[in-house]
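Residue numbers (our numbering): 933 to 1146.
Heads up, the beta-carbon is just placed ideally off N, CA and C, and yes, glycines get one too.
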Amino acid sequence: MDRYEKLREWMVETQIIERGIKDKAVIAAMKKVPRHLFLPEELIDDAYDDRALPIGYGQTISQPYIVALMTELLELKGDEKVLEIGTGSGYQAAILAELVKEVYTIERVEALAQKAKKIFEKLGYSNIKVYMKDGTEGIPEEAPFDRVIITAATPKLPDPLISQLKEGGIIVAPVGERYSQYLLKAIKKQGELQEHYLIPVAFVPLIGKYGFDS
Ligand code: SAM
């Protein structure tokens, strides 16, 4: 076991399992994916800390616990087609790629999208497709999706993303103000969303047609 594997074991025990994450597949994915490779060189040694970290361009990689929690809330079985808005470092997409059939991830900052693509190639994640566009509009030509995860703060769930979610599908997102939100899990039943607001969170803003202005 190398140094980073040990750090990952420790991260999963102290930050993920102790806080109540139970989904075995999510726990296994968090133990497997090398989070340090998704960080800028100078922050590699902080990769397994219990916090979000900067990834450049004013953006962040989320705290490991929040990644695990949002993933568990998606209730993944293994055969899903998942849409992620906010590729950022690519770490959340890689966790999803361990657990589902296909991941479609959208990023508006080109440099981040390109960097994430390279890491996916290096790590052999052939089931992740990266799109460079305004993620609030989703990917109509690839819809419907079994699950949608938004990893940036949105004032409300963007209408196109609700439309592109399958019946019975789940959407997880931080919804609220620009600097403080609640994590929302919504399930689509007979065309309507059943909404459950969970814990307070603080994400960077989702900027786009159906998000914040700038
Ligand atoms: N999931 C990421 C990870 O694992 O590193 C963390 C995402 S970071 C908290 C939020 C990301 O959303 C940023 O990279 C930001 O550029 C992106 N973003 C903001 N608005 C967006 C939009 N309309 N479409 C796509 N990406 C957007």
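Query                                                                                                                                        : Result
Given this structure, state the Cα-to-Cα distance separating Thr1083 from Thr1019, to the nearest angstrom.                                  : 8 Å
Find the nearest neighbour of Gly1108 within the set Phe970, Thr1086, Ile1102 and Glu1004, judged by alpha-carbon distance.                  : Thr1086
Using a Cβ-based criterion (distance less than 7 Å to any ligand heavy atom), does Arg1040 qualify as near the ligand SAM?                   : yes
Would Gln906 pass as a contact of Leu1015 if the rule is Cβ separation under 8 Å?                                                            : Missing from the structure shown is residue 906; the chain here goes from 933 to 1146 and no further.
Using only the alpha-carbon positions, how far apart do Glu973 and Gly952 sit?                                                               : 31 Å
Between the alpha carbons of His968 and Gln1024, how many angstroms are there, rounded?                                                      : 13 Å
With respect to the alpha helix (DSSP H) encompassing Pro996, which residues constitute its N-terminal and C-terminal limits?                : Pro996 to Leu1005
Suppose you measure from the CA of Ser1112 to the CA of Ile1131; what does that come to, to the nearest Å?                                   : 11 Å
What residue does the alpha helix (DSSP H) around Arg1079 start on, and which one ends it?                                                   : Segment Phe1077 to Ile1082 is the beta strand (DSSP E) holding Arg1079; no alpha helix (DSSP H) there.
How should Arg1079 be labelled, buried or exposed, when 16 other C-beta atoms within 10 angstroms of its C-beta is the threshold for buried? : buried
To the nearest whole angstrom, what separates the beta carbons of Ser1021 and Ile1038, a pair I think is in contact under 8 Å?               : The Cβ separation is near 14 Å, so there is no contact.
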